[in-house]
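Novice:
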Amino acid sequence: MSEHKQAEKEQAKLLAILEAAPDFISTADLTGQVLYFNKAARRMLELGEKESIEGRNLCRNHPKWANEIIQNQGLPESVRVGNWVGETAVLKADGREIPISQLIIAHKSPDGEVEYFSTIARDISELKAAEETLRQKAEHLEQTLKELQNTQAHLLQSEKMSSIGQLVAGVAHEMNNPLGFIAASVKQAKPTFADIVEHLKLYQKKFPAPGDEILIHAEEIDLEYSLSDLPEMIDSMTIACDRLKNISTSLRTFTRADQDYKIPFNIHQGIDSTILILKHRLKANEQRPKIEVITNYGNLPEVECFPGQLNQVFMNILANAIDALDESNTDRSFREIKANPNRITITTSLKEKIVEVKIADNGVGMSESVKQKVFDHLFTTKGVGKGTGLGLAIAGSIVIEKHGGTLNVNSTPGVVTEFVITLPIVAPAQS
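See the structure below:
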């Protein structure tokens, strides 16, 4: 009797501890029928202290997804090693879920047979809320960091383009003065030379026998050739002056300074000026023939935009296309490249007040993984020192954020890469 009373006292102490515990504590038989709930468990499940738990199954305590975890992971693991710890949830009377950290213990007899299960669970709602808050803050910080990086890259690139623009615009301006003088002089000299040639021909006609000295001198200076070649030289000089004038105009078009508001702009002029700036990279060299540029221009109205920034987009995409074509020439002979020439095709069209510009090259194409990252900040497939990973990221930022358009890429690996730019004719106001 003394041992029995002692056991009852110990049991009462243990029960008092269980009832005072702040954690959810329960026991159940092998079929899942509840044998015991402490006060904390009843409070969590919103059960009255005297409410009967007879016939109540453990599955009623949890949502479906939590029961699947308990049945497939918790119970088998606890039987195998003695206990299992994981995160599940319990259901309140109104159906709300409370996230919990749950410990399941399999209690076995001396011969190793499972007799019942017990559960200790703790409400981790506040922890989960804190984790969610931290996760949101982390996402916000990550997004802020990306925005700062993009802004910094854009500012650096804009400053670089601004400096280059000022330099090129200055060079173009300085070219105009001597160019204008040369062009005017050639224009004035052309009829003068024509008159002199005509006068010499009259001398030859009226004095067919001018004497040995004149005839010898005429032969020494190859007079007949000079008289026929001189007009062609003047024409070539005129063409060269016109060419320089076009280059100067294109430089000013490409490097034009943007206002703080959008202005109407001829997209084709921007593309043409960019092609001219890159012409030195398109020319033939020892490794390959020249890169062909085919322009299929539609009938486009002027687009409200920041012309300098849009020219930068064309520059970045076209420079990227040239790099891709040069990469595609690796291990190809000059003859092979000539048989299947490098080509960049630029197509423009108008679709329901949206201007579409397609810039395609027949280079190496892109894999799906590269295509997914091509507009990411600092992403590049080029070797060290050859690419910064800023060009296409900045191009996307300019088209999307500054002009309310879109910039996408279509690519077939080893065949073609096509960048597609869409721009509204009247761009939305910049936020």
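Going letter by letter, the sequence shown gives residues 26 to 456 in the numbering used here.
We treat Cβ as the ideally placed atom computed from N, Cα and C, and that holds for glycine.
Since the structure is predicted, the reported quantities are computational estimates derived from the model, not experimental observations.
1) Could you pull out every residue in the same chain whose Cβ sits closer than 7 Å to the Cβ of leucine 417, ignoring the five residues on either side in sequence?
2) Can we say the segment 380 to 390 touches the segment 423 to 442, given the rule of at least three CB pairs closer than 8 Å?
3) Figure out for me which residue from Thr144, Thr169, Thr113 has the closest Cα to the Cα of lysine 153.
4) With C-beta atoms as the reference, is leucine 255 less than 8 Å away from valine 222?
5) Going by beta-carbon coordinates alone, are asparagine 367 and leucine 343 separated by less than 8 Å?
6) Tell me where the alpha helix (DSSP H) around histidine 87 begins and ends.
7) Count the C-beta pairs between the segment 305 to 319 and the segment 258 to 270 that are closer than 8 Å, then say yes if the count reaches three, no if not.
8) With the cut-off set at 8 Å, would you say proline 314 and isoleucine 369 are in Cβ contact?
9) When the Cα atoms are used, what is the spatial distance from asparagine 336 to leucine 325?
10) Which of the three DSSP states, helix, strand or coil, is assigned to phenylalanine 232?
11) If you measure between the beta carbons of glutamate 140 and histidine 132, is that distance less than 8 Å?
12) What are the boundary residues of the alpha helix (DSSP H) that includes aspartate 237?
13) Please check the pair glycine 57 and cysteine 84, which I expect to be a contact at CB under 8 Å, by giving their CB distance rounded to whole angstroms.
14) My output table needs one value for histidine 132: the three-state DSSP class, helix, strand or coil.
15) Excluding five sequence neighbours on each side, which residues of the same chain lie with their C-beta closer than 6 Å to the C-beta of lysine 378?
16) Using three-state DSSP, classify glutamine 294 as helix, strand or coil.
17) When burial is assigned at 16 or more other CB atoms within 10 Å of the CB, is valine 409 buried or exposed?
18) Once you ignore the five residues that flank threonine 372 on each side, which residues in its own chain have a CB closer than 7 Å to its CB?
19) Per DSSP, what kind of secondary structure is tyrosine 322 in: helix, strand or coil?
20) Look up cysteine 330 in the DSSP assignment and give the residues it is bridged to.
21) How big is the Cα-Cα spacing for glycine 236 and aspartate 297?
22) Assuming isoleucine 50 contacts isoleucine 129 (C-beta within less than 8 Å), just tell me the rounded distance between them.
23) Spell out whether any CB of chain D is found under 8 Å from the CB atom of asparagine 387.
24) Which same chain residues end up closer than 7 Å to leucine 43 when comparing Cβ atoms and leaving out the 5 residues on each side of it in sequence?
25) Less than 8 Å between C-beta atoms, sequence neighbours within five positions excluded: which residues of the same chain meet that for glutamine 74?
26) If you run the structure through DSSP and keep just helix, strand and coil, what is phenylalanine 444?
27) Given a threshold of 16 other Cβ atoms within 10 Å of its Cβ, counted over all protein chains shown, does lysine 230 qualify as buried or as exposed?
28) Could you give the residue range of the alpha helix (DSSP H) that holds leucine 70?
29) By DSSP, does valine 389 sit in helix, in strand, or in coil?
30) What residue range is occupied by the uninterrupted alpha helix (DSSP H) comprising serine 422?
31) Give the secondary structure of glutamine 127 by DSSP, where H, G and I count as helix, E and B as strand, and everything else as coil.
32) Which word fits proline 332, buried or exposed, when buried means at least 16 other C-beta atoms lie within 10 angstroms of its C-beta?
33) Measuring CB to CB, does isoleucine 446 end up less than 8 Å from valine 338?
34) Return helix, strand or coil for isoleucine 149, following the three-state DSSP convention.
35) Inspect the beta-carbon positions of lysine 117 and leucine 70 and report whether they are closer than 8 Å.
Specialist: Reading off the structure:
1) Asn341, Asn345, Val399, Phe400
2) yes
3) Thr113
4) yes
5) no
6) Here histidine 87 belongs to no alpha helix (DSSP H), and DSSP marks it neither H nor E.
7) The segment 305 to 319 is not in contact with the segment 258 to 270.
8) no
9) Rounded to the nearest angstrom, the gap between the Cα atoms of asparagine 336 and leucine 325 is 17 Å.
10) coil
11) Yes. Within cutoff.
12) In this chain, the alpha helix (DSSP H) harbouring aspartate 237 covers 237 to 245.
13) 6 Å
14) strand
15) If we look at lysine 378 and ignore the five residues flanking it on each side, its Cβ neighbours are Ile450.
16) Note: glutamine 294 maps to helix in three-state DSSP.
17) A caution first: valine 409 carries a pLDDT of 49, below 50, which makes its placement in the model too unreliable to give a value.
18) Asn321, Lys383
19) coil
20) Ile288
21) 58 Å
22) That pair is no contact at about 12 Å.
23) No chain D is present in this structure, which holds just one protein chain.
24) Ile50, Asn63
25) Note on residue identity: the sequence assigns glutamate, not glutamine, to residue 74. So the qualifying residues of the chain are Lys64, Arg67.
26) strand
27) exposed
28) DSSP places leucine 70 in the uninterrupted alpha helix (DSSP H) bounded by 64 to 70.
29) coil
30) 416 to 422
31) strand
32) buried
33) yes
34) coil
35) yes
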